[in-house]
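Below is one structure, written out as structure tokens; comments come after it.
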Amino acid sequence: MATDFPLFPSLPPELRLHIWRLALTSSWSCTTRKCIRYQQDATIGAHPHNSISQSCTEARQVLTQTLTKIDRLGWFNFPRHLLFLQRLGAGGLGRRCPVEARRALSRNVQHIVVNAHGKLQMYSILEYLHKASPKLKSVVVVGPWFLPEDTDVYDSVRDWIAPYEDWGQVFLDSPMQVDLDVLTKAIERGEGDGDCRLAHGLSVEQYKARLDKAVRRLPHPLPDGLRPIDNVYWRTRRMLDKVESILQKYSTPPRLYLQTAEQMRVSRKQTGKRPSKRKR
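Spelled out as structure tokens, the structure:
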């Protein structure tokens, strides 16, 4: 700071501390956890406050007063920290991680991206978060959120197509491989009670209405040999109902955001690696 602004040391101490506080808390950090060896985990991703806190003793002092420290995992600005979960074991909330660190991270986290490998695993992660993460404010659920056509006309072929359900990872090594600017801005709009749209440019309520419309256009009775569960939009609507029912267990339910793995990959930065799709 003093290098870019030579007069910075001459500012009143209260103003300098305020500037350091803004610098340390204004940017988003986006991480996941990785088990680097038995009983030892590390956070992998972007921690902008790390470099800022190394500027001087004053910056370090503000860091210790403003952010939350979790032993073995580091410092966190939880109001602007996005944690990626792909599973509950190593690489997720880490069952091999020391219990105290795992509980502290779960207890304080406010914004999470759930990038599960399947429907049942997604439900398990959300149920765990309900029990372990009382401060949760935002949940981004990555999954096969299929978008039906906006029509009331039934199509005997297209309405029974079973597309590939992409439960793949959105990155291989680190959230740094994904451009998360769109995601974090959507969360900020949601915090301000703004219009928070993600999947397909629709809010969750608009998306539910589109799914309901697709289900209503199915004929009654159904064609021979077909059941409601054979319709991908019926299945997707039930999956969304289950997700919402888990989040409603919170005394103050966190905001729900939907995103597909493909949409997350489209925003991926050019790193030379492509996240793999899960084989069926």
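Going by the working numbering, the residue at position 36 of the sequence shown is 32; the numbering climbs one at a time, nothing skipped. All residues carry an ideal CB built from backbone N, CA and C; glycine is no exception.
- Here DSSP, grouped into helix, strand and coil, assigns residue 68 to coil.
- Boundaries around residue 14 are those of the alpha helix (DSSP H), 9 to 21, since no beta strand (DSSP E) includes it.
- Beta-bridge partners of residue 25 (DSSP): 77.
- Rounded to the nearest angstrom, the Cβ distance from residue 142 to residue 232 is 5 Å, consistent with a contact under 8 Å.
- Looking at the backbone, the Cα of residue 253 and that of residue 108 are separated by about 10 Å.
- The beta carbon of residue 199 is closer than 8 Å to those of 191, 192 and 193 in its chain, skipping five residues each way along the sequence.
- Only buried fits residue 77, as 16 or more other CB atoms lie within 10 angstroms of its CB.
- For residue 253, the enclosing beta strand (DSSP E) has its first and last residue at 251 to 255.
- Judged by beta-carbon spacing, residue 144 lies beyond the 8 Å limit of residue 256, meaning their Cβ atoms are not closer than that value.
- Going by DSSP, residue 129 is part of no alpha helix (DSSP H) at all; its letter is neither H nor E.
- Residue 242: member of the alpha helix (DSSP H) spanning 228 to 243, first to last residue.
- Secondary structure of residue 107 (DSSP, three-state): strand.
- Comparing C-alpha distances from residue 131 to each of 150, 100 and 138 shows the shortest one belongs to 100.
- Counted as a single uninterrupted DSSP element, the alpha helix (DSSP H) harbouring residue 180 occupies residues 177 to 187.
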